[in-house]
Amino acid sequence: MSSKTRKSSRVILEHEYVPEHRLLSIEEAVQVLKKLGIKPWQLPKISVNDPVARLLKAKPGDIIEITRRSYTAGEAKYYRFVVAYQKGVK
1 MSSKTRKSSR
11 VILEHEYVPE
21 HRLLSIEEAV
31 QVLKKLGIKP
41 WQLPKISVND
51 PVARLLKAKP
61 GDIIEITRRS
71 YTAGEAKYYR
81 FVVAYQKGVK
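And the structure:
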């Protein structure tokens with residue numbers, strides 16, 4: 001990936017409609033899963049090929065925290081389990 005492409009890709013994270021994304025550490029992921037009482041694969045999925053997941057250098061098995069802000073709800077955190085979808089398989 002050229003430096004120009006890499007730089008323009010980072011703009012995705014700065015767009016007003018793209019919520020804040022953050023890759024969780026293993027310790028944070030364990031805490032979140034324990035708090036929610038679920039296994040990682042029970043979380044909604046996000047493809048390793050998602051533009052934001054690629055920028056975060058997420059790997060299959062990682063968990064991404066998404067912080068959404070709204071005028072009515074304030075702030076809400078969502079979690080996505082990174083998966084490697086194969087072409088044509090969901």
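Under the UniProt record's numbering, read the sequence shown as residues 1 to 90, first letter to last. Ideal Cβ positions, reconstructed from N, Cα and C, are used throughout, including at glycine.
Inclusion of Leu24 and Ile63 in the CB contact set at 8 Å is warranted, their separation being smaller than that value.
Below 8 Å, enough C-beta pairs join the stretch 70-88 and the stretch 27-46 to call them touching: three or more. The continuous alpha helix (DSSP H) containing Leu55 extends over residues 51-55. According to the DSSP assignment, Ile46 belongs to the beta strand (DSSP E) that extends over 45-47. If you look at Lys35, you'll find it in the alpha helix (DSSP H) that goes 26-36.
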